[in-house]
Structure formats: structure tokens, C-alpha cells
Amino acid sequence: WSLWQDTYLIYLEELDQEVEDDSSEGKGWLNDLSWLSALGLEETFHWDDGGDLVNPAGEHLFVNLTYEGEVLDVSGDFRVVRDDGGYHLMREIIHTA
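With the numbering used here applied, the sequence shown covers 20 to 116.
As C-alpha cells, this is what we get:
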């Protein structure tokens, strides 16, 4: 619900449009998943190495989400972690700016 609220509802608000029930209890976000098709990722990933060349905890990066091609103030933060099997990506948090 939070992703729906922070992307789709904000997009509609900018168009001066509303949905009938925008509450989490209304489940409009869950009953009609068509809004997900307009979500995307900004083409540029942003690395946050904190000045370290190699961070033992893993390298951090974030990417901004888009809705209908417009960059939003919503980003996903990830960490690239190395283990015995190679590298994998861990989601840290998705948040609004």
C-alpha cells in the first residue's frame, strides 16, 4: 500500500484526479494492479560508497522510481554483498525523499 500511496496517488494528485477509496483498508491498490505497469526505474543508478573504495559491509546504491516516465521522490536502496557464491543484491529499504 505504501508504494501505491507514494507513487500512484501522488501522480493522480498532480493531475487533479482522485480515486474513490484511497485508504489501505479500501484495498483499491490490491484489487486493481494495473497501476504497477506504469512503475519503472530511473536509468541512472547512484552509488553511495561513503568515500570508501571497498566497504566490507557491501557497496550501497540507490535508484529512483519513475511513474509514467516521470522521476519520483521515491527510491530503492540496495546493497551489493559478496559471499562464497559470488555477489548478490539485497534490498535495504524503499523510501520517499
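The beta carbon of each residue, even a glycine, is placed where N, CA and C say it ideally should be.
Computed from a predicted model, the values in this text were never measured in an experiment.
- According to the DSSP secondary-structure assignment, G95 is paired through a beta bridge with V82, I113.
- Counting along the chain, L49 sits inside the alpha helix (DSSP H) bounded by residues 47 to 50.
- For T63, the closest alpha carbon among the candidates W48, V82, S53 is that of V82.
- Inclusion of E111 and T85 in the CB contact set at 7 Å is not warranted, their separation being larger than that value.
- DSSP lists no bridge partner for D40.
- In terms of Cα proximity to V99, the closest of E33, H79, D25 is H79.
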